[in-house]
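Note sheet for the following structure.
Chains as they are written, first to last, in my numbering: chain Y, 16 to 415; chain H, 16 to 415.
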C-alpha cells in the first residue's frame, strides 16, 4: 500500500508519541523533520487573542530554510502570558538542540485547552524520544496525524501525486479540528508536506489560496480559535525544475494542493464534534462576491438549519430565514432554493416537492444546498455540518 | 389578585381560543380590542424576507386610531406569496366586520411554520367566536397570552403600574418566543397595552427604545425570524394629561415600558427552546458603543460558551476566544473577565479562582459575564441562554 501520510513526499521523516500532556495516554506530541531543509509558508488565526506558539511560529516561518515542525495536543498554550511564550520557544529550542539546527528554523503549534501552562518537562522529554524514532514510514506518518488530534475521532489525512515534466510530485497533509472551527481559519492545526520544487513566494501564495477555498470554507460553530495554524513545507526533492508563476506546473500544483486541502476540510466536517453528516452551501446570483460567502456562511452557521440537517428535515423555511437575516442583497420575489437537485422554493414560492425524497438526500453523508439570490452574478460556497445532541454533550461536559 | 395580563390597562378586552390551526388543540387565535380606539406603534423584523402579516401590519399601524389586533399561532403565513398577503388582509377584514370598524385599523401578526397557506376558514370562524367572548378578565388576558405561543412552555406576561400626577398608569405586555430569536428583533410576537395617555410619536419613540434595550438584547440562536412583530396600543384612558417629551412623566413612562419589556426578555431567555438557565453579558471598555454590543452578542451567540453555561463549566477560554474572534478592538495584554463577581481572567492572565465556586454561580437561573476590553469607555450588554441537547431535539425533530 502506498504511503498516504505526511512522510509520503521525499525528504521528510516524522514521529508521534505520548509524552504525558493528555491524561488519556493517547499520542500528544508530533515531530516533523526535513534534513535537507524546506521552503515553508503558514497561515494563522486572525483571532485577536493568539496563543504563544502562534506568535513564535509567525516569526520563525519567515526564516529559510525551515528544518522541523513540532506540535503538541492536549494543551493550547494560549492565554499563558510571558511564561507561555517562553515555553513555546523552549519547544523549538529542544528540537533544535536534538537535531543540531537553529531554534528559529523550527515551526511550532499547540492545540487543546486554553489557559494552562504547558507541562514543558514532559514535552522536552518527549521531543528527545521523538527524535530517536523519526522515520519516513507510513506508521510514523500516521502517528504524527494521531498526535495532533484533540476531540477528533479519527486521523485526517490526504495525499495527491501528480506529474510535472516527468517528475512525480507528492503533496500530503494532515489536520485536526473538531469544534471551534470557523472562518477565517477552519482548522486548529494543519501540516502539509510536498517534495515539489517551488519558489518560496509561490508556495506561500498557492497555500493561502488553497486554504482559502478549503479549510476557510468550513464552519462548524462559526468561530476561529486562538491557535489555528496551517503550515506547508516543501523539500523540493521531487526532481522537477523549480516551479515559477508562468509555468503550467504552477496551476497543476495549485489544483493539487486545493484538492488535498479540500479533502481534509470534508473529513473535518464529517468528524466535527457530534456531526453525523455534512453539507455544502452554494450561493448564486449574489450582488457581490463577499455577499455570496456571507450568505453561505449564514446558512451553514445557523443552528436551526444545522438541527434540520441532523433531523433530515427539508425545512427550507429556516434556510430562507437565515438568508433573509444575513443582510445580503436579494430579490424577495425571486429567491430560489434547491436541496440536491430538487427545488424546494422557487421564485419565492414553496414547490410541491416530495418531502421523503428530499429527506433521503439530506440523510446522505453529504448534500448540497443551493440558493439563488437573483441579485447579481457572483457565487461562492462553504461547508457545514449538522448539530447534534452529541455536540452539546461534548461541549457541556468537557470541563476546564 | 390584581390582573397581570394585557387586559389590565383600562380600555382593553381580549380573547384567546383554539380555532384549528394547531393540531394539538391548544389555543392558536388571539384577539385584542380597544373600543375607544388606541394610539399604536410597532417594531418589525429586519429580515429581508418578511411574512405577509408583517407587510400588512406595517401599513395598518400608520393609521390612527387602531381598534384591534389579531394574532394566530401555528402558521407564520410566511413565504406564501400573493395568496398569503390576501389571507392576512382577510384576517383583518373579518375582525373589522365583526367589530364594525375599518379593516385598515386592525393590526395582524402570525407565528408558526413557514411556507404553508393559512387555514383561513378556520381562522375566520375562530375570529367570529373570539368576538363573542371578548372580556377584560384576567382569564381572557391569559388566554390571549397562551394563544400566541408556539414552542413556548409557558405564557410570558409582565405588568407595571406607576403614578403620573395622581393618575395610576398601567403597562401590560405579553410575548412569545422560543427558538429563532436574535437581534435585531428578539421576539416573534410581542403585544403591549397601556392606558397612559401619550402622543403617538412619543409612544413610538418610547417603544422603539424599550424594545432596543430588552427584546433586541436577547439572543437565542442569533437570528431574527420572518415574522418578528412587537406592537403597543395606548387607550389613553388612565386620566393623565397627554404625556409630552419635556414632561417628567415621559421618563417615567419610558422606564416603566423598558422594565416591562426587559422582564419579558428574561422570561423568553429562560423559556428558550431547551434552555435551562440564562446569562447577561456586559462588555466594558469598548472603543465604540456598537463594538460593545457586537462583542456581547459574539459571546452570547457562541455555541461553545452556551454549552459551557449548560454544563456550569467556568470555561473562560471560550469567552476569550469569542471576544478575540469578534473583530472588536481590544487590548490583548489587558483583557479581563468576571463570572459573577469573580475574576477568572485578569490583565490577560488566568486567575487562581475557585472552580467550584464559579460553577455554582453559573448554575443559578441567571448570572452575569463581564468582560473589560480595555480599549475605550463604552459599554453595552445582552442576554443569552444555554444550549442543551433538548434544543437539538426540538429543532431536529420539529418536522415540516
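For every residue, glycine included, the Cβ atom is placed at its ideal position computed from N, Cα and C.
Keep in mind it's a predicted model, so treat the numbers as computed, not measured.
Chain Y contact for residue i (CB, 8 Å cutoff)
i	result
residue 201 of chain H	Any reading at residue 201 of chain H must be qualified, since the residue scores a pLDDT of 38, below 50, and its modelled position is unreliable; the value itself is stated next. No, because no Cβ of chain Y sits closer than 8 Å to the Cβ of residue 201 of chain H.
residue 134 of chain H	no
residue 353 of chain H	no
residue 345 of chain H	yes
residue 22 of chain H	no
residue 171 of chain H	no
residue 68 of chain H	no
residue 282 of chain H	no
residue 31 of chain H	no
residue 423 of chain H	Here chain H has residues from 16 to 415 only, and residue 423 of chain H is not among them.
Burial state of residue i (16 or more Cβ within 10 Å)
i	result
residue 211 of chain Y	buried
residue 181 of chain H	exposed
residue 381 of chain Y	exposed
residue 200 of chain H	Only weak support exists for where residue 200 of chain H lies, its pLDDT of 43 falling under 50; the coordinates are left without a value.
residue 321 of chain Y	buried
residue 178 of chain Y	exposed
residue 17 of chain Y	exposed
residue 189 of chain H	buried
residue 170 of chain Y	buried
residue 62 of chain H	buried
residue 234 of chain Y	buried
residue 147 of chain Y	exposed
residue 372 of chain Y	exposed
residue 304 of chain H	exposed
residue 286 of chain Y	buried
residue 279 of chain H	buried
residue 261 of chain Y	exposed
residue 174 of chain Y	buried
residue 282 of chain Y	buried
residue 172 of chain Y	buried
residue 97 of chain H	exposed
Bridge partners - residue i, DSSP secondary structure assignment
i	result
residue 372 of chain H	Bridge partners of residue 372 of chain H: none, in fact.
residue 382 of chain H	H:294
residue 90 of chain H	H:126, H:128
residue 248 of chain Y	Y:55, Y:208
residue 32 of chain H	H:44
Residue i at chain H interface by Cβ criterion, 8 Å
i	result
residue 335 of chain Y	yes
residue 223 of chain Y	no
residue 404 of chain Y	yes
residue 59 of chain Y	no
residue 36 of chain Y	no
residue 365 of chain Y	yes
residue 294 of chain Y	no
residue 298 of chain Y	no
residue 125 of chain Y	no
residue 121 of chain Y	no
residue 105 of chain Y	no
residue 145 of chain Y	no
residue 116 of chain Y	no
Cut-off 7 Å between Cβ atoms - residues of its own chain near residue i, not counting five sequence neighbours on either side
i	result
residue 417 of chain Y	Here chain Y comprises residues numbered 16 to 415, so residue 417 of chain Y is not present and cannot be evaluated.
residue 117 of chain Y	111
residue 341 of chain Y	309, 310, 313
residue 143 of chain Y	113
Close-in-space but distant-in-sequence residues of the same chain around residue i (CB under 8 Å, 5 per side omitted)
i	result
residue 259 of chain H	214, 217, 265
residue 54 of chain Y	79, 80, 81, 213, 214, 215, 218, 248, 249, 251
residue 403 of chain Y	289, 290, 291, 325
Residues near residue i by beta carbon distance below 6 Å, same chain, minus five either side
i	result
residue 209 of chain Y	24, 186, 249
residue 222 of chain H	56, 247
residue 378 of chain H	327
residue 37 of chain Y	43, 89
residue 350 of chain Y	363
residue 368 of chain Y	357, 359
residue 352 of chain Y	331, 334, 359, 360, 386
Residue i at chain A interface by Cβ criterion, 8 Å
i	result
residue 407 of chain Y	Among the protein chains of the structure shown, namely Y and H, there is no chain A.
If we require 4 or more residues per run, which alpha helix (DSSP H) segments fall completely within the region 307–379 of chain H?
318–325, 331–340, 370–378
With a floor of 4 residues, list each alpha helix (DSSP H) that falls wholly inside the region 152–196 of chain H, ordered by position along the chain.
153–162
My parser needs the alpha helix (DSSP H) runs of 4 or more residues fully inside the region 213–286 of chain Y; what are they?
List check, alpha helix (DSSP H) in window: 215–227, 263–285.
Curious, which full-length beta strand (DSSP E) runs of at least 3 residues does the region 383–411 of chain H contain?
Taking only runs of at least 3 residues, the beta strand (DSSP E) segments lying wholly in the region 383–411 of chain H are 393–400.
Which complete alpha helix (DSSP H) runs does the region 67–118 of chain H hold, if anything under 4 residues is left out?
67–75, 96–114, all fully within the region 67–118 of chain H.
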